[in-house]
Amino acid sequence: MAHLTTALFIIPLAGALCVTVAPKNLARGIALGFNALTAILAFMLWQNFDTTAAGLQMVERHNWIPTIGAEYLVGVDGLSLLLVLLTSLIFPFAFFAQRVGRGFCALMLVMQAALYGTFTAQNFILWFLFYEMSLVPAFLLIKIWGGEKRD
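Each number in this note's numbering corresponds to the 1-based position in the sequence shown with 7 added.
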């Protein structure tokens, strides 16, 4: 079950890659499919979450940059699980809001992956990388598909 937290942000990244190479008319459906898959994983996390135990659960830990003591450490606690579930519930509405192309769908999936990573990261370096990763698609989404006064 520990690998579910990593799969939460690997699957949307794979979906973004698939959307960029898919035909234009299939992009939204593919994006929704990958979104549904991550939503299922998020609900599996919720189902396997032990509410009687305090602290971090579904932890995955690997050495990353040993010279500075940085490690790949992801997991969920009560608050991060709630944010992961909310992300899973909100993102499909963005795809249903209007007819959108491959670029929008790919950027939304990258944003979703970055948010999952931000919510599950358990050290500052990893959290900062995921947070910064979420800013790039946010900027592009606002700049390209934003409203009239988006500057």
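Every residue, glycine too, gets a C-beta built ideally from N, C-alpha and C.
- At a cut-off of 4 residues, the continuous stretches assigned as alpha helix (DSSP H) that sit fully inside the region 29 to 89 are 34 to 55.
- Annotated as distal: residue 48 and residue 83, with beta-carbon spacing of 9 Å or more.
- In the DSSP assignment, residue 128 is bridged to 81.
- In summary, residue 103 is exposed, with fewer than 16 beta-carbon neighbours lying within 10 Å of its beta-carbon over all protein chains present.
- When 44, 136 and 14 are compared, the shortest CA-CA separation from residue 98 is found for 44.
- For the set 10, 21 and 35, the Cα lying nearest the Cα of residue 111 is the one of 35.
- Using a Cβ-Cβ distance cut-off of 8 Å, the region 64 to 75 and the region 20 to 33 are not in contact, since fewer than three pairs of beta carbons, one from each stretch, lie closer than that value.
- Within the same chain, Cβ atoms closer than 8 Å to the Cβ of residue 58 are found at 85, the five residues on either side in sequence being excluded.
- Counting the other Cβ atoms within 10 Å of the Cβ of residue 127 gives 16 or more, which makes it buried.
- With fewer than 16 other CB atoms across the displayed protein chains lying within 10 angstroms of its CB, residue 30 is exposed.
- In this structure, the alpha-carbon of residue 147 lies about 21 Å from that of residue 37.
- Annotated as proximal: residue 81 and residue 133, with beta-carbon spacing under 9 Å.
- The straight-line gap separating the alpha-carbon atoms of residue 78 and residue 155 is approximately 43 Å.
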